[in-house]
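Reviewing the structure listed below.
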Ligand code: SF4
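Numbering (UniProt numbering), first residue to last: 220 to 922.
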């Protein structure tokens with residue numbers, strides 16, 4: 220991989236992995252990409268991490284789906300039992316016409332029995348088309364994607380209190396900060412190029428405050444490393460805010476001019492003296508005071524957070540606290556100041572903006588608003604299907620949809636580029652739902668675990684095989700370009716969605732993603748001044764862009780917030796314990812996450828030669844003292860068991876993990892983390908509590 224002499228074509232595109240959105244140069248020869256380099260994009264300035272630089276050859280893997288497939292009448296029962304090297308035991312090859320008709324036949328006319336999962340790995344145009352297909356084709360809002368599993372609670376809190384679900388400042392703004400909090404995030408592993416900016420910030424004297432129950436590489440650069448008890452986020456953040464309020468370190472002018480509900484917040488914080496919270500947080504009062512004074516003393520401070528904050532049943536409360544902390548110190552809307560939930564997938568921001576969520580149409584226009592629905596009836600009304608009418612009812616979320624399959628409310632699904640048979644909590648329950656469906660259409664590039672349950676499989680295109688825009692964590696809309704054709708008969712995703720929509724009665728006439736982008740601009744003010752031609756020319760434009768020449772605003776809300784009255788809001792948060800707490804039978808805490816080399820359910824990175832060579836085996840991390848107690852040597856085998864299931868895998872020794880915790884990456888099907896996780900949901904964001912389950916850990920026989 221990476222012989223620079225062996226290419227004859229160069230195409231600029233966007234890394235397909237994380238939300239940093241690094242711009243890449245794809246070097247190709249014939250139908251193959253042979254090398255990837257970083258180029259000067261606004262988020263990466265030429266930098267790439269190991270995934271971006273070496274993780275691309277999955278697109279040429281022999282397991283790529285290259286022809287449409289239909290489940291054989293005599294196929295064995297649905298389950299994880301298809302050999303990707305010998306699909307013919309379960310599926311037969313079909314023409315596109317035959318497969319599209321079979322896919323449509325199982326969806327057509329089924330109204331509310333149909334649900335759709337779109338993908339944060341697809342483009343903005345594909346996300347827009349997918350949500351439009353479900354809404355217009357079936358007359359309801361049962362359409363969602365994996366934001367439900369990552370930052371839905373952060374978005375809920377941001378929309379509630381700031382009026383916008385996106386970041387208020389790009390991560391690159393850390394260059395103008397003197398203090399930054401990184402909480403519940405491990406950027407060195409999960410947003411590696413963003414982490415390089417964080418390290419540079421610390422090296423030039425910026426004070427980094429890292430807060431996480433698990434240690435991490437950024438600790439080396441931190442002025443304060445606060446390794447608090449899992450699940451104690453609200454207690455810790457409220458105690459930090461208590462100190463700031465108690466010591467008069469708030470920005471009173473900012474609170475007065477820009478916010479509402481401060482008095483209620485201030486009164487609420489009185490009960491959170493750090494001494495009283497130490498039992499919950501594990502952090503002594505002196506440390507809390509030092510952190511509070513450092514943050515409140517900043518000239519400009521940013522707060523970054525990840526799924527350690529969002530993936531709890533109190534994830535929305537955690538984010539409310541972070542927003543309050545920024546507001547009470549006036550740290551929003553200035554250079555070097557802001558709120559930044561580090562978005563996970565490459566296009567989770569764009570897919571959410573494009574309306575791929577059950578409660579909002581594009582640009583977070585509520586499905587409950589009559590005015591909004593009338594607008595869409597006008598725009599979509601003459602295209603057939605349900606006449607453009609959108610039901611005034613929030614749809615079901617990812618996790619609720621699979622529950623509704625068990626209740627016989629949902630009977631048919633269309634899943635594009637998502638892998639709920641690996642990514643959803645309590646996998647036995649999720650997989651049983653997929654097996655129960657009357658009709659499942661899966662559109663993907665590989666035979667994912669989810670495709671094992673499909674009735675029809677539509678072979679799709681990888682990022683390097685298609686045109687389309689994506690939006691990164693910084694609100695930067697960027698142009699992805701095709702470098703090579705899809706393999707065999709695989710097709711671009713926008714084309715497949717369009718053809719399926721036509722066969723479900725919709726009069727769609729798109730001929731290129733740019734047609735879709737033009738339609739999106741009619742309903743998405745966030746795209747004002749951003750055109751397809753501009754993106755082709757400039758590569759990236761940050762929204763909001765104030766004029767056709769403006770590259771976009773890295774910082775927003777200097778003069779007010781997009782809420783009634785223009786003010787941001789304090790929403791006090793109470794301490795809510797995790798849904799299940801350790802007990803005699805399950806005495807430890809399980810937390811799940813990603814590793815540097817692997818991406819989500821592993822469907823791409825485990826088929827990338829270099830990445831799989833570096834991290835080939837399922838593993839979990841335990842503290843040395845825990846391994847000693849178990850009598851397991853590093854590299855030995857352990858069994859993890861929760862109330863939902865059990866997995867057996869290798870144990871690594873890791874001092875970053877607390878003695879009563881186990882960290883389990885979720886990319887490995889042979890020890891799927893989500894067999895163990897708790898499906899309990901945050902009531903606002905409907906996000907599962909992936910970051911906290913009670914678990915039993917035992918020594919096991921080698922696998
Ligand atoms: Fe790709 Fe993210 Fe790595 Fe950049 S930091 S190269 S976007 S995985």
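We put the beta carbon where it would ideally sit given N, CA and C, even for glycine. Fair warning: this is a prediction, and the values are worked out from it, not measured in the lab.
Does residue i come out as helix, strand or coil in the three-state DSSP assignment?
i	result
residue 422	helix
residue 566	coil
residue 658	strand
residue 843	helix
residue 402	strand
residue 411	helix
residue 229	strand
residue 823	coil
residue 380	helix
residue 559	strand
residue 493	helix
residue 512	helix
residue 890	helix
residue 876	coil
residue 524	strand
residue 871	strand
residue 307	helix
residue 633	strand
residue 576	strand
residue 275	helix
residue 895	coil
residue 537	helix
residue 766	coil
residue 440	helix
residue 884	strand
Report the residue from the options whose alpha carbon sits nearest the alpha carbon of residue i.
i	options	result
residue 235	251, 636, 311, 539	636
residue 703	911, 651, 539, 278	278
residue 414	237, 273, 478, 551	237
residue 442	398, 661, 577	398
residue 484	497, 469, 495	469
residue 297	657, 725, 809	657
residue 438	456, 467, 455, 403	403
residue 713	396, 615, 342, 887	342
residue 379	503, 819, 904	904
residue 758	688, 239, 511	688
residue 461	473, 254, 914, 514	514
residue 891	752, 644, 559, 509	644
residue 344	854, 573, 578	573
residue 445	839, 482, 768, 400	400
residue 671	723, 839, 915, 295	295
residue 737	840, 426, 752, 663	752
residue 602	521, 536, 724	724
residue 864	912, 319, 281	912
residue 563	545, 541, 530, 591	530
residue 250	427, 684, 640, 593	684
Residue list, Cβ distance to the ligand SF4 heavy atoms smaller than 5 Å: Selection around the ligand SF4 by beta-carbon proximity, strictly under 5 Å to any non-hydrogen atom, yields 234, 236, 237, 239, 241, 267, 268, 270, 271, 411, 412 in chain order.
Any 3 or more C-beta pairs closer than 8 Å across the region 717-730 and the region 744-763: Counting Cβ pairs under 8 Å, fewer than three are found: no touch.
The region 575-583 touching the region 297-317, judged by at least three CB pairs closer than 8 Å: no
Three-pair Cβ contact test at 8 Å for the region 327-339 versus the region 608-623: yes
The region 863-879 in contact with the region 819-831 per 3-pair CB rule at 8 Å: no
Cβ contact (3+ pairs, closer than 8 Å) linking the region 797-808 and the region 883-902: yes
The region 802-810 touching the region 877-889, judged by at least three CB pairs closer than 8 Å: yes
Cβ pair count under 8 Å reaching 3, the region 562-582 against the region 387-401: no
The region 261-269 in contact with the region 411-426 per 3-pair CB rule at 8 Å: yes
Cβ pair count under 8 Å reaching 3, the region 369-385 against the region 625-634: In short, these stretches do not touch, since the Cβ pair count stays below three.
Cβ pair count under 8 Å reaching 3, the region 775-784 against the region 419-426: Not touching, per the Cβ criterion.
Any 3 or more C-beta pairs closer than 8 Å across the region 352-368 and the region 705-721: Yes, the region 352-368 touches the region 705-721.
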